[in-house]
Each structure stands twice: as structure tokens, then as C-alpha cells.
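These notes are about the structure you will find just below.
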Amino acid sequence: MTDQTQATNDPCYALPEVPSFELRSSTVADGTPFAEAQYSGVFGVPGGRDISPELTWSGFPDDTRSFIVTVFDPDAPTGSGFWHWAVGNIPATTTHLVEDAGSESRELLPAGAVAFPNDAGLARYIGAAPPAGSGVHRYHITVTALDVARLDLDSGASPALLGFTAGPHTIARATLVAYAGE
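Numbering-wise (our numbering), the sequence shown opens with residue 225 and increments by one.
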């Protein structure tokens, strides 16, 4: 993949530049592969358990009123990538999501947070499942800081609509990239 192709295949490539802040995970480090637990059992990956990674963030702007967390695979052979997880209306007082906060029960998400349907149609985290022969996939794990306490979206809204609605309210963004595939 050329540098230009990779740049234009970055989900933040065409977005306005905003300040960054620190995003860490005890589950996966930036630039490293996902563990087996972050692969998809729903899609039949052996050992996959669809467990969302633990995330911790800091250093975001003082005027942050809420956050969005997303996991996106721009390398999925779909023509439009694949959204694995999208959560909005996370209170500004939340700076940590425990591992498996993206479970189907959503009981580990903070009060008021909304899990939106991913590209599998499920309002939860769906793990990595790169099709055989499709190469290495990048999973952009992004926390976006917003200047509003909540976005008024139907809980059935797509991650793309979530991003579109959040655009004018985005004041900072932090991303780490995990890998899966061969």
C-alpha cells in the first residue's frame, strides 16, 4: 500500500485537524496486534470473544462535555470499511472504559452512554475478523472529545451519522491503532 493510499484510507484523513490527547490501553498498545479476546467469536474466529479493549484517556480540553469512542477497520474489503464499535454521550467525567465495556449487556458503560449499532447491526463491540487473504487490517480506536454534553441521535443511528453529527462539536481526538490479520 502506498503512503498516499494509506493516508486516504485513514478515517481521520478528511476531518478537520483538532488537538490530540493521550489514549492508553492495558489490552493493546498502539501499533501492536489485538489479543485473541478482541477477535470475533460472533463471526466465527477461533478463540475470538468479542471483548472490547480497556481504554484510559487524559489531557483533553477543559471545555470537554462528552466523549465518543469508536473502533473502525478501514481495510475491510467492503468499499466502506467496517465499524466495530460506536458509543456516544459518554459523560466528560468518564476517562476510563473497562475491558468488555462493549458487551451486549452494556452494563459496564457509564450511565447515559449510548451504544450505536456497528456494521454487523449489533449495538455492542464486535471483534476483529479479517477475511482470509485480505491481509493485515488496521483497527482505529478513537476517543473524540466534544463541546456538548450529548448528541440527540436515535439509538439506531449508524456510526457514520454519529461522526457526521459530532463533527461540528469535535474539539480534540485521540487514536491508537491495533492490527489483526495476516
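Using N, Cα and C, we set each Cβ at its ideal position, and we do this for glycine too.
Predicted model only: the values in this text are computed from it and were never measured.
Taking Cβ positions only, does residue i come closer than 9 Å to chain C?
{"i": "L332", "result": "Here there is only one protein chain, and chain C is not present."}
Hey, out of the options, whose CA is closest to residue i's CA?
{"i": "E406", "options": "V252, V322, D324, A352", "result": "A352"}
{"i": "A300", "options": "F388, N233, H393", "result": "N233"}
{"i": "T394", "options": "G255, T288, G326", "result": "T288"}
{"i": "V401", "options": "A238, A344, S249, V269", "result": "S249"}
{"i": "D254", "options": "G359, Y363, S382, F267", "result": "Y363"}
{"i": "A290", "options": "A316, E328, D297", "result": "One detail in the question is off: residue 290 reads as Ser in this sequence, not Ala. Minimum Cα distance to S290 is reached at A316."}
{"i": "G271", "options": "Q262, R397, I314", "result": "Q262"}
{"i": "G380", "options": "C236, L321, A344, A259", "result": "A344"}
So residue i and residue j are supposed to be a Cβ contact under 8 Å. How far apart are they, rounded?
{"i": "W281", "j": "T319", "result": "6 Å"}
{"i": "A337", "j": "I314", "result": "5 Å"}
Hey, could you find the ends of the alpha helix (DSSP H) residue i is sitting in?
{"i": "F388", "result": "383 to 390"}
From what residue to what residue does the beta strand (DSSP E) around residue i run?
{"i": "T368", "result": "360 to 370"}
{"i": "E246", "result": "246 to 248"}
{"i": "A373", "result": "Here A373 belongs to no beta strand (DSSP E), and DSSP marks it neither H nor E."}
{"i": "A402", "result": "394 to 405"}
Compute the Euclidean distance between the alpha carbons of residue i and residue j, then round it to the nearest angstrom.
{"i": "A267", "j": "P354", "result": "At residue 267 the sequence reads Phe, which differs from the Ala that was named. Going from the Cα of F267 to the Cα of P354 covers about 10 Å."}
{"i": "I365", "j": "D378", "result": "23 Å"}
{"i": "T229", "j": "A259", "result": "Confidence at T229 is low in this model, with a pLDDT of 48, below 50, so its placement is unreliable and no value can be given for it."}
{"i": "P235", "j": "A398", "result": "12 Å"}
| Okay, do the segment 303 to 321 and the segment 238 to 246 touch, 3+ Cβ pairs below 8 Å being the bar? | no
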